[in-house]
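What follows is a set of notes on a single structure, which appears directly below.
Below you can see the structure in the form of structure tokens.
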């Protein structure tokens, strides 16, 4: 069951300041004002002279054998200038900031092992490693409270133990006068966001969906409680336009997007959809684009090809939208998920996802749901990490990194534009993701031939055999494949008679399901009505 479905409609400061730019901007963190220098063997360091020359407040020996010293300068001096002045001294062989190192991070949240989407070691079956790469990503970046993600949904339980610390707060309203629009934004007492469904300032979640999405994005990490989000530290702006029944209006959707844009959200997470194309909704997302906002949208749960039948808002052709499909823990596209070779950008975990819910929904405060609604927040969380790592990054840079760094999976080829699952580690590190060696596109190929009549006959029951002698696995490639969707079917059968897959509809330019052994039998079965072009096989991949 797709439960969580995509709905329609001081002293401390002195130890953490950075040299140059802080870690949160993608640079390495260092103790402010402190540099290590290696003095050349032909030189000697005169402490008093050095302190006078460089305006240092302290010089101390680090390693006498290596002739290394620490020079401490005024923390108010610009780090790049301080570094440059030291590097200009001919007595110094090496000059480096006093970098800060931390233990490799893994949070202590007790339900971490339930979160296969973040770290999949086959704890719930499936395939180890099919996840968003959160563990390795957290060694690079765990998030920043300077990043604001608006969750436009059923609201959020901002008192939830795993979310309260990361709930966005409108400080002008919090510190203002009750009943007064203190920040002049047109909304009174909107401390945590706004409830457009009920036209009041309390976006408390009365359904659970928005709280579940929020937990995946940014449940507080390493706090010893419950779960952890993709981004441990972030501010989540709660915006409610979906009612307790899970529905909302175009009017309130537009108001919600405009509110999030006006209040400075960097990322908007949207696990809702349905309805026809609307220019007004598109223009609201364009206004967000004009403020450099990334709009993450769930692709939908209708097993629909969004290229052929658009699903909005995910299918608006706008550069700031990232459309997200759902996959299961074995790396397969979820049975319910929409897809699209060009219109859906990446896939993310969306089956049996554990996250936070209001305790009035589930006493424990956590529940396990499925849907593209659950997939989109994983990508919103990755976007938050990227923004934390580079505060200057806008939607173009963030979207590009998410798509370009997706880890390809043969099961997703031609289903999403990236052919892969979003991965936080590769997005942050810039490393090239490995090839999926289970993907026939990465195998050796040989010429092969099998071809139906064009069009094929009504009530057909035909078989075609392709053999690659000596192969352990075979996948045949269809240059063209067009049958009446849902009625005329092609089966792929191995040498033991096992049906390993069935196709219907359009699969032009695709490899068929892999068959063990060196022989695959293609069975074409049609009904007595509409018939299509049929198919043409031109090659086979094997290993």
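Residue numbers (my numbering): 37 to 579.
The beta carbon of each residue, even a glycine, is placed where N, CA and C say it ideally should be.
Close Cβ partners of residue i (< 8 Å) along its chain, the five nearest in sequence each way excluded
i, result
"residue 261", "145, 146, 197 and 198"
"residue 314", "286 and 348"
"residue 470", "443"
"residue 316", "286 and 290"
"residue 390", "147, 150, 151, 263, 402, 403 and 404"
"residue 480", "577, 578 and 579"
"residue 137", "Note on residue 137: pLDDT 38, under 50, position unreliable in the model; no value is reported."
"residue 342", "335, 336, 350, 351, 359, 374, 375, 376, 379 and 380"
"residue 521", "540, 541 and 542"
"residue 83", "95"
Residue range of the beta strand (DSSP E) that includes residue i
i, result
"residue 229", "229–231"
"residue 467", "No beta strand (DSSP E) contains residue 467, which DSSP labels as neither H nor E."
"residue 570", "570–578"
"residue 188", "179–189"
"residue 357", "357–363"
"residue 171", "First-last for residue 171: 170–173, but that is the alpha helix (DSSP H), not the beta strand (DSSP E)."
"residue 402", "402–405"
"residue 276", "269–276"
"residue 390", "389–392"
"residue 74", "66–75"
"residue 95", "92–99"
"residue 109", "104–109"
"residue 385", "382–385"
"residue 332", "330–334"
"residue 501", "497–503"
Through-space distance from residue j to residue i, alpha-carbon basis
i, j, result
"residue 105", "residue 133", "12 Å"
"residue 252", "residue 567", "45 Å"
"residue 441", "residue 485", "35 Å"
"residue 184", "residue 464", "18 Å"
"residue 397", "residue 541", "41 Å"
"residue 558", "residue 325", "48 Å"
"residue 561", "residue 550", "20 Å"
"residue 174", "residue 556", "44 Å"
"residue 519", "residue 510", "22 Å"
"residue 508", "residue 578", "7 Å"
"residue 659", "residue 269", "Residue numbering for the chain in the displayed model covers 37 to 579; residue 659 lies beyond these limits and cannot be assessed."
"residue 245", "residue 328", "27 Å"
"residue 309", "residue 350", "8 Å"
"residue 79", "residue 68", "26 Å"
"residue 393", "residue 413", "14 Å"
"residue 544", "residue 554", "23 Å"
"residue 515", "residue 572", "6 Å"
"residue 452", "residue 340", "12 Å"
"residue 457", "residue 427", "24 Å"
"residue 163", "residue 153", "11 Å"
"residue 120", "residue 188", "47 Å"
"residue 66", "residue 113", "14 Å"
"residue 191", "residue 179", "22 Å"
"residue 472", "residue 254", "29 Å"
"residue 569", "residue 155", "44 Å"
"residue 214", "residue 293", "25 Å"
Segment limits, alpha helix (DSSP H) that includes residue i
i, result
"residue 425", "408–425"
"residue 208", "207–210"
"residue 321", "315–326"
"residue 117", "115–123"
"residue 247", "245–254"
"residue 487", "Counting along the chain, residue 487 falls outside any alpha helix (DSSP H), though it belongs to the beta strand (DSSP E) covering 480–487."
"residue 433", "431–440"
6 Å Cβ shell around residue i - same chain, five flanking residues per side excluded
i, result
"residue 186", "273, 275, 296, 301 and 304"
"residue 527", "535, 538 and 559"
Neighbourhood of residue i by C-beta, 7 Å cutoff - its chain only, sequence neighbours within 5 removed
i, result
"residue 459", "168, 169, 441, 442, 443 and 469"
"residue 447", "367, 368 and 369"
"residue 513", "547, 573, 574, 575, 576 and 577"
"residue 437", "422 and 463"
"residue 108", "69, 70, 92, 93 and 94"
Any C-beta of chain D under 8 Å from that of residue i
i, result
"residue 153", "This model lacks chain D altogether; it includes just one protein chain."
Check whether the stretch 199–216 and the stretch 482–496 are in contact - that is, three or more C-beta pairs closer than 8 Å. Contact fails between the stretch 199–216 and the stretch 482–496, because fewer than three Cβ pairs, one in each stretch, are under 8 Å apart.
Segment contact, 8 Å Cβ cut-off, at least three pairs: the stretch 417–425 with the stretch 386–406: Contact fails: fewer than three Cβ-Cβ distances are below 8 Å.
What are the start and end residues of each continuous beta strand (DSSP E) run of 3 or more residues lying completely inside the stretch 517–561, in chain order? List check, beta strand (DSSP E) in window: 525–529, 535–539 and 555–561.
Does the count of Cβ pairs from the stretch 359–368 and the stretch 158–170 closer than 8 Å reach three? Enough Cβ pairs lie closer than 8 Å, so yes.
Return the chain-ordered ranges of every beta strand (DSSP E) run that is complete within the stretch 281–308 and spans a minimum of 3 residues. Counting whole runs of 3 or more residues, the stretch 281–308 contains the beta strand (DSSP E) stretches 303–306.
Is the stretch 125–132 in contact with the stretch 74–94, if contact means three or more CB pairs nearer than 8 Å? Result yes; three or more Cβ-Cβ pairs closer than 8 Å.
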